[in-house]
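Residue numbers for the sequence shown follow my numbering, beginning at 70 and rising by one. Heads up, the beta-carbon is just placed ideally off N, CA and C, and yes, glycines get one too. Reading through the structure tokens given below for one structure.
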Amino acid sequence: MPSTDEFTGWLGLDAKSVEGNLVKATFNPKVFTDDDIDIKISHCGMCASDLHTLRSGWGASLYPVVVGHEIIGTITRKGKNVTQFEIGDRVGVGAQCASCLKDDCYECTHDNEPYCTERVFTYNDKFTGTDDVAYGGYALQGRYPASFAFKIPDGLPSEVAAPMMCGGITVYSPLKRNGAGPGKTVGIVGIGGLGHFGLLFAKALGSDKVYAISRSKAKEADVLAMGAEGIIATKEPGWAKDWTRKFDLIVSTANNADMPLHEYLSILKPGGRFVQVGLPEEPIPQLQFGPLVTMNVHLLGSLLGSRSEITEMLEISAAKGIKSWVQSYPMEEVNEVLKLMEAGEAKYRFVLCN
Numbered sequence: 070m071p072s073t074d075e076f077t078g079w080l081g082l083d084a085k086s087v088e089g090n091l092v093k094a095t096f097n098p099k100v101f102t103d104d105d106i107d108i109k110i111s112h113c114g115m116c117a118s119d120l121h122t123l124r125s126g127w128g129a130s131l132y133p134v135v136v137g138h139e140i141i142g143t144i145t146r147k148g149k150n151v152t153q154f155e156i157g158d159r160v161g162v163g164a165q166c167a168s169c170l171k172d173d174c175y176e177c178t179h180d181n182e183p184y185c186t187e188r189v190f191t192y193n194d195k196f197t198g199t200d201d202v203a204y205g206g207y208a209l210q211g212r213y214p215a216s217f218a219f220k221i222p223d224g225l226p227s228e229v230a231a232p233m234m235c236g237g238i239t240v241y242s243p244l245k246r247n248g249a250g251p252g253k254t255v256g257i258v259g260i261g262g263l264g265h266f267g268l269l270f271a272k273a274l275g276s277d278k279v280y281a282i283s284r285s286k287a288k289e290a291d292v293l294a295m296g297a298e299g300i301i302a303t304k305e306p307g308w309a310k311d312w313t314r315k316f317d318l319i320v321s322t323a324n325n326a327d328m329p330l331h332e333y334l335s336i337l338k339p340g341g342r343f344v345q346v347g348l349p350e351e352p353i354p355q356l357q358f359g360p361l362v363t364m365n366v367h368l369l370g371s372l373l374g375s376r377s378e379i380t381e382m383l384e385i386s387a388a389k390g391i392k393s394w395v396q397s398y399p400m401e402e403v404n405e406v407l408k409l410m411e412a413g414e415a416k417y418r419f420v421l422c423n
């Protein structure tokens with residue numbers, strides 16, 4: 070039976086909701102189980118995924134949808150199997166809220182929960198084996214499996230932690246898994262919400278040199294303030310020639326399908342890695358295999374991060390004082406903030422606050 074509980078949130082009813090047409094209304098969360106927690110939501114970051122989903126950019130969405138997967142709040146209810154948390158604990162929930170977690174699941178037992186065949190995204194998805202819809206954090210309350218909630222360290226403010234739950238881990242994981250650290254030169258493509266985390270975390274992991282890669286140098290002052298050595302402008306003629314074979318790792322947060330992929334591959338060292346985390350709505354141009362073969366470069370993709378990586382990211386952020394660059398707004402103003410987000414006004418992450 071569906072849940073009869075009612076939560077309040079801001080619902081997208083159709084593809085036009087992305088234009089600032091969310092409706093404040095009640096919705097029925099998943100059926101509460103012994104493994105779940107209820108959260109009083111205090112903060113929720115705004116992610117580009119929210120906009121893609123509201124407009125059905127990645128395929129037809131499950132309207133009505135409550136987006137938002139950078140959630141911070143306090144626990145108000147917990148199931149009897151939840152022993153890792155107490156009522157009142159401050160926790161975060163990111164873009165994934167469940168996987169099978171079975172002992173015979175290769176992905177779940179090897180820190181690869183985002184790739185589990187039974188993964189459940191925090192919104193616009195259904196819980197495995199049920200008709201229960203997953204609803205996100207543009208709301209006053211949320212209900213999620215406790216296994217995908219994370220205690221927020223005391224030294225990390227909620228408005229700083231919220232964007233890390235998706236934007237942060239989306240770049241932290243590929244940086245960590247692909248060797249960002251001492252002795253390495255790292256490039257971050259796209260200086261938006263994800264990209265600014267890329268710069269912050271690449272430096273926090275000890276990379277020797279970190280560069281932003283963007284179409285222009287308009288954000289150079291910000292890039293330098295984030296700790297990068299500089300910014301590379303791809304609209305400048307012949308830009309790639311000056312950087313041939315300079316990078317060990319490039320993480321691309323770009324969502325544009327017309328990215329200069331071959332030029333990006335050309336600036337990798339032999340054996341270098343290019344990891345795509347942005348997800349364009351359109352196909353990219355046809356790829357030539359020449360650079361992959363003749364330069365032994367690796368073209369990879371990455372989705373979110375494991376539960377252990379999320380915990381590690383939060384701990385490192387608290388210990389090193391890493392601060393998300395955020396602009397906070399009341400949750401009640403979500404429709405106006407959506408318009409600002411669509412216009413590219415975020416610098417570098419919007420956070421909605423109850």
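Where His265 and Pro352 are concerned, what is the direct C-alpha to C-alpha distance, given to the nearest angstrom?
Indexing the sequence shown from 1 puts residue 265 at position 196. Indexing the sequence shown from 1 puts residue 352 at position 283. Approximately 25 Å between the Cα atoms of the pair.
Would you say Trp394 touches the ligand NAP, meaning its beta carbon is less than 6 Å from a heavy atom?
Questions concerning the ligand NAP fall outside what the structure shown contains, since it holds no ligand whatsoever.
Looking at the structure shown, is Thr178 part of a helix, part of a strand, or coil, going by DSSP?
Translated into positions along the sequence shown, residue 178 becomes position 109. Reduced to three states, the DSSP call for Thr178 is helix.
Mind listing, in chain order, the continuous alpha helix (DSSP H) runs of no fewer than 4 residues lying wholly within the stretch 351 to 408?
359 to 363, 376 to 389
Would you identify the three-state DSSP class for Lys147, choosing helix, strand or coil?
Counted from its first residue, the sequence shown places residue 147 at position 78. Three-state result, Lys147: strand.
Which first and last residues belong to the beta strand (DSSP E) in which Ile300 is found?
To locate residue 300, count along the sequence shown from 1; it is residue 231. Its beta strand (DSSP E) spans residues 299 to 302.
Within a Cβ cutoff of 6 Å, which residues of the same chain sit near Glu228, ignoring the five residues on either side of it in sequence?
To locate residue 228, count along the sequence shown from 1; it is residue 159. Closer than 6 Å at Cβ, skipping near neighbours: His112, Val395, Ser397, Val420.
State the Cα-Cα distance for the pair Ser386 and Lys392, rounded to the nearest angstrom.
Position 317 of the sequence shown, counting from 1, holds the residue named residue 386. Position 323 of the sequence shown, counting from 1, holds the residue named residue 392. Here the alpha carbons of Lys392 and Ser386 stand approximately 7 Å from one another.
Inside the stretch 173 to 247 only - alpha helix (DSSP H) runs reaching at least 4 residues
227 to 230, 236 to 246
Gly267, DSSP secondary structure in three states:
Numbered from its first residue, the sequence shown carries residue 267 at position 198. Looking at Gly267 - three-state DSSP - the assignment turns out to be helix.
Through-space distance from Arg212 to Phe101, alpha-carbon basis
For the purposes of this step, residue 101 is taken as residue 32 along the sequence shown, with counting starting at 1. For the purposes of this step, residue 212 is taken as residue 143 along the sequence shown, with counting starting at 1. Their Cα atoms are separated by approximately 8 Å.
Give me the Cα-Cα distance between Asn324 and Gly126, rounded to the nearest whole angstrom.
To locate residue 324, count along the sequence shown from 1; it is residue 255. To locate residue 126, count along the sequence shown from 1; it is residue 57. So the alpha carbons of these two residues sit roughly 12 Å apart.
Touch check for the stretch 171 to 179 and the stretch 139 to 150: three-plus C-beta pairs under 8 Å?
With a cut-off of 8 Å, the stretch 139 to 150 and the stretch 171 to 179 do not count as touching, because too few Cβ pairs lie within range.
Could you tell me the alpha carbon to alpha carbon distance between Leu274 and Arg376, rounded to whole angstroms?
The residue given as residue 274 occupies position 205 in the sequence shown. The residue given as residue 376 occupies position 307 in the sequence shown. Roughly 18 Å separates the two Cα atoms.
Can you give me the Cβ contacts of Ser86 inside the same chain, cut-off strictly under 7 Å, excluding the 5 residues immediately before and after it?
The sequence position of residue 86 within the sequence shown is 17, counting from 1. Taken in chain order, the residues that qualify are Leu123.
Compare the C-alpha of Thr186 against each of Gln165, Asp201, Lys220 and name the closest.
Translated into the one-based positions of the sequence shown, residue 186 becomes position 117. Thr186 has its Cα closest to that of Gln165, out of Gln165, Asp201, Lys220.
According to DSSP, simplified to helix, strand and coil, what is Trp312?
Here residue 312 refers to the residue found at position 243 of the sequence shown. If DSSP states are grouped into helix, strand and coil, Trp312 belongs with the helices.
In the structure shown, what three-state DSSP assignment does Val255 receive?
Along the sequence shown, read from residue 1 onward, the residue named residue 255 stands at position 186. Note: Val255 maps to strand in three-state DSSP.
Shortest alpha-carbon distance to Glu289 belongs to which of Asp277, Asp104, Lys99, Gly259?
Translated into the one-based positions of the sequence shown, residue 289 becomes position 220. Here the closest residue by C-alpha is Gly259.
On the DSSP bridge assignment, give the partners of Asp107 in chain order.
As a position in the sequence shown, residue 107 is number 38, starting the count at 1. Answer is Arg146, Arg212, bridged to Asp107.
Would a C-beta distance cut-off of 7 Å place Ser371 and Pro232 closer than the cut-off?
As a working mapping, residue 371 is identified with position 302 in the sequence shown. As a working mapping, residue 232 is identified with position 163 in the sequence shown. Not in contact: Ser371 and Pro232 (Cβ atoms no closer than 7 Å).
For Glu402 and Leu120, which I take to be in contact (beta-carbon distance under 8 Å), what is that distance rounded to the nearest angstrom?
For the purposes of this step, residue 402 is taken as residue 333 along the sequence shown, with counting starting at 1. For the purposes of this step, residue 120 is taken as residue 51 along the sequence shown, with counting starting at 1. About 16 Å; that fails the 8 Å criterion.
Which residues in the same chain as Val344 place their Cβ atom closer than 8 Å to its Cβ, once the five residues preceding and following it in sequence are excluded?
Reading the sequence shown from its first residue, position 275 is the one you call residue 344. The beta carbon of Val344 lies closer than 8 Å to those of Pro243, Asn247, Leu318, Ile319, Val320, Ser321, Leu369, Gly370, Ser371 in the same chain, with the five residues before and after it left out.
Tell whether a beta-carbon distance below 7 Å holds between Ile336 and Phe316.
The sequence position of residue 336 within the sequence shown is 267, counting from 1. The sequence position of residue 316 within the sequence shown is 247, counting from 1. Going by C-beta atoms, Ile336 is nearer than 7 Å to Phe316.
Neighbour-count burial assignment, Glu38, 16 or more Cβ in a 10 Å radius:
With the chain covering 70 to 423 only, the question about residue 38 has no answer from this structure.
Taking C-beta to C-beta, are Val240 and Gly267 nearer than 7 Å?
Locating residue 240 in the sequence shown gives position 171, where the first residue counts as 1. Locating residue 267 in the sequence shown gives position 198, where the first residue counts as 1. Yes. Within cutoff.
Only counting the same chain, and skipping five residues up and downstream in sequence, which positions put a Cβ closer than 7 Å to that of Thr380?
Taking the sequence shown and counting its residues from 1, the one referred to as residue 380 is at position 311. Around Thr380: Phe219.
Under the three-state reduction of DSSP, which class applies to Met410: helix, strand or coil?
Locating residue 410 in the sequence shown gives position 341, counting from the first residue. Three-state result, Met410: helix.
If you follow the beta strand (DSSP E) that Ala167 is part of, which residue opens it and which one closes it?
Against the sequence shown, residue 167 aligns to sequence position 98. It spans 165 to 167 - the beta strand (DSSP E) in which Ala167 sits, taken as one unbroken run.
Would you mind stating whether Gly341 and Val366 have Cβ atoms separated by less than 7 Å?
Sequence index remark: in the sequence shown, residue 341 carries index 272 (1-based). Sequence index remark: in the sequence shown, residue 366 carries index 297 (1-based). The answer is yes: Cβ separation under 7 Å.
Give the straight-line distance between the Cα atoms of Leu383 and Arg418, rounded to the nearest whole angstrom.
Here residue 383 is taken as the residue at index 314 of the sequence shown, counted from 1. Here residue 418 is taken as the residue at index 349 of the sequence shown, counted from 1. The straight-line gap separating the alpha-carbon atoms of Leu383 and Arg418 is approximately 17 Å.
Range of the contiguous beta strand (DSSP E) that encloses Leu120
Taking the first residue of the sequence shown as 1, we reach residue 120 at position 51. Following the DSSP letters along the chain, one finds Leu120 in no beta strand (DSSP E) but inside the alpha helix (DSSP H) bounded by residues 117 to 123.
For Arg146, which residues of its own chain have a beta-carbon under 6 Å away from its beta-carbon, when the five flanking residues on both sides are left out?
Position 77 of the sequence shown, counted from the first residue, corresponds to residue 146. The answer, listed in chain order, is Asp107.
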